[in-house]
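Colleague: Just so you know, we're using numbering that gives the first Met the number 0 here: the sequence shown kicks off at 0 and counts up by one.
C-beta: ideal position from N, C-alpha, C; glycine also.
Here it is: the structure, laid out below.
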Amino acid sequence: MKQKQIDRRTLLSGGLSLAAAASLCNSAHAEDRPKPIVPGLEPGPARLTPLELRLERPEGGTRSLSAWRGAPFVLHVWATWCGPCKIELPQLDAFMKKLGDDSPIVPVAMSSHGPDDVAAFLKNLNLTHIDPWTADWHEFRAWLGVSELSFPGSYLIDPEGRLRAAIEDETDWDAPDAVSQFRKVIAALKE
0 MKQKQIDRRT LLSGGLSLAA AASLCNSAHA EDRPKPIVPG LEPGPARLTP LELRLERPEG
60 GTRSLSAWRG APFVLHVWAT WCGPCKIELP QLDAFMKKLG DDSPIVPVAM SSHGPDDVAA
120 FLKNLNLTHI DPWTADWHEF RAWLGVSELS FPGSYLIDPE GRLRAAIEDE TDWDAPDAVS
180 QFRKVIAALK E
């Protein structure tokens, strides 16, 4: 059997093509990675009017988001149909467990079915630290002044109810220093 000899130019050209393809793959994956809490949620100047949003629970209870006024918090929006949300929610649940009962994160399902379906969804995933709140995504979208919402999204709200920062993508709740980063962000708004 006769073997073909590969010349150096062909070998070098193939190697460079592979390196370029690997570089493109790595840069695409870097963009797909969850965003770190800092700098994504570092407080910027106050924007928009104070957020008023009515939240609903499966048992029929309602609560206004203004009930969290007086202390900074993160409004985390997600949807039951959102693929990235299904990956991120278990991480957020574990993160909220680390923060404890006074966690300043308010996860709210938007653009999903009613509160009963959201509660069943959370129970099915065994997410015990995420309350089954739902809200009208049209109302939230209008407040943000956008035509579309990104899911998942994390919005830093100051003690007066104004938007101070946002990550409109997945957040890296699993990062080794995520809890300390988060506490730093919240502390900055308490000063």
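#1: By the three-class DSSP mapping on this structure, what secondary structure does VAL76 have?
#2: So what's GLU55 in DSSP terms, helix, strand or just coil?
#3: Less than 8 Å separating the beta-carbons of ALA164 and LEU52?
#4: So which of SER179, THR61, LEU88, ARG46 has the shortest CA-CA distance to PHE120?
#5: What does a CB cutoff of less than 6 Å around VAL178 pick up in its chain, not counting 5 residues either side in sequence?
#6: Excluding five sequence neighbours on each side, which residues of the same chain lie with their C-beta closer than 8 Å to the C-beta of ALA27?
#7: By DSSP's criteria, TRP132 is part of a beta bridge. Which residues make up the other side?
#8: State the CB to CB distance for the pair PRO151 and HIS75, rounded to an integer number of angstroms; the pair is presumed to be in contact (CB under 8 Å).
#9: In this structure, does DSSP put SER153 in helix, strand or coil?
#10: Is the closest heavy atom of the ligand ZN to the C-beta of ILE36 under 7 Å?
#11: Rounded to whole angstroms, what is the Cα-Cα separation between ASP49 and THR133?
#12: Note the first and the last residue of the continuous beta strand (DSSP E) segment covering ALA70.
#13: Could you check if THR61 is buried or exposed, using at least 16 other CB atoms within 10 Å of its CB as the buried criterion?
Modeller: Let me spell this out:
#1: strand
#2: strand
#3: no
#4: LEU88
#5: The beta carbon of VAL178 lies closer than 6 Å to those of LYS97 in the same chain, with the five residues before and after it left out.
#6: Confidence in ALA27 is poor, its pLDDT being 37 and thus under 50, which makes the residue's placement unreliable; the coordinate value appears in the next sentence. Residues of the same chain with their beta carbon placed closer than 8 Å to that of ALA27 are lacking, with the five preceding and five following residues left out of the count.
#7: VAL107
#8: 7 Å
#9: strand
#10: As for the ligand ZN, it is missing from this structure, which has no ligand bound.
#11: Per the sequence presented here, residue 49 reads as Pro, with Asp not at that position. Going from the Cα of PRO49 to the Cα of THR133 covers about 19 Å.
#12: Taken as a continuous stretch (DSSP letters only), ALA70 belongs to no beta strand (DSSP E), as it is neither H nor E.
#13: exposed
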